[in-house]
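K.L.:
To start, I am sharing the structure in question, which I have written as structure tokens.
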Amino acid sequence: MPSTILDLTHHLRAGNSASPRLTWYGPDGERVELSGRVLDNWVAKTSNFLSEELDAGRGTRVRLDLPPHWKSVVIALATLQTGAVLVDTAPADITFTGPESHDGEAGGGVRVAVALGALEMAYPGELPAGALDYAALVRQFADSYEPFDPPVEGDPAVDGHDTFTQAELFSRFAAPAADGARVLVAGSSGLMDALARLIGAWSAGGSAVLAHPGIDDVEHLRRVENVTG
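Heads up: the sequence shown begins at 137 in my numbering, then just goes up one per residue.
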């Protein structure tokens, strides 16, 4: 069992890293498939963005005002990989928001706006005042991440209705999955629940299909994506 998120991302890029690990189904027929290597590259780029651009590290409070989405998952993993803490309420040092966020300036700290379209290279429309553009900036950062001060097992990882350390992400937070299972995760369950199911699947050497909250026919996805768990 991994003891920190760094262990998990190492697991994703090791072994058969070309195999699909995360398949996203979005609105209007959008489908994005990420292998272990590609998923790890996105997490590494985002970790470098957080640490180099925003000075995030152990103890930094990060709020994700985002829906379940493959980019939200990448940002969550990167947050945890830097040693920062996922929080669900203000105050936060960094707040990620999307086009449909409604919190205005709530959350405090630095604001990062996230384009959620598969082909969007920049935030659609006008950036919120003072916000950074995640899509426009993240690609310039390195594909590998080497933390100067890596998180350890007992570091806080989630601070919300329940609190979890890095190690407890795997012993208490993650939803158990059978070894090698391909699981279906409905986005309607919320981002943190989706993250728990994804971490559980990846910890067991499996993969996952994540469906946008607006997709009703998840049974169709179960059939076409050979879901086993």
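We put the beta carbon where it would ideally sit given N, CA and C, even for glycine. Just so you know, these numbers come straight off a predicted model, no measurement behind them.
Got a sec, what are the start and stop residues for the beta strand (DSSP E) valine 198 sits in?
P.N.:
Numbered from 1 along the sequence shown, position 62 holds the residue referred to as residue 198. Looking at the DSSP string, the run of the beta strand (DSSP E) that includes valine 198 is 197-201.
K.L.:
Which partner residues does proline 312 have in the DSSP bridge list?
P.N.:
If you number the sequence shown from 1, residue 312 lands on position 176. Beta-bridge pairing links proline 312 to no other residue.
K.L.:
Between the segment 143-154 and the segment 250-264, do three or more beta carbon pairs fall short of 8 Å?
P.N.:
Because the criterion of three Cβ pairs below 8 Å is not met, the segment 143-154 and the segment 250-264 do not touch.
K.L.:
Can you give me the start and stop residues for the beta strand (DSSP E) that glycine 225 sits inside?
P.N.:
Here the question's residue 225 lines up with position 89 in the sequence shown. Per the sequence presented here, residue 225 reads as threonine, with glycine not at that position. That residue, threonine 225, is in no beta strand (DSSP E); it is neither H nor E in DSSP.
K.L.:
Would you mind listing the beta strand (DSSP E) stretches within the segment 320-361 that are 3+ residues and don't spill past its ends, in chain order?
P.N.:
DSSP runs (the beta strand (DSSP E)) wholly in the segment 320-361: 343-347.
K.L.:
Grouping DSSP H, G and I as helix and E and B as strand, with all else coil, what is valine 168?
P.N.:
Counting from 1 along the sequence shown, the entry for residue 168 is found at position 32. Reduced to three states, the DSSP call for valine 168 is strand.
K.L.:
Do glycine 219 and glycine 195 have their C-beta atoms within less than 9 Å of each other?
P.N.:
Counted from its first residue, the sequence shown places residue 219 at position 83. Counted from its first residue, the sequence shown places residue 195 at position 59. Yes; because the gap between Cβ atoms is below 9 Å, this pair is in contact.
K.L.:
By a C-beta neighbour count over all protein chains shown, 10 Å radius and 16 as the cutoff for buried, is threonine 145 buried or exposed?
P.N.:
Translated into the one-based positions of the sequence shown, residue 145 becomes position 9. Flag for threonine 145 reads buried.
K.L.:
Give a yes or no on contact between the segment 275-286 and the segment 294-310, applying the rule of three or more CB pairs nearer than 8 Å.
P.N.:
No: fewer than three Cβ pairs fall under 8 Å.
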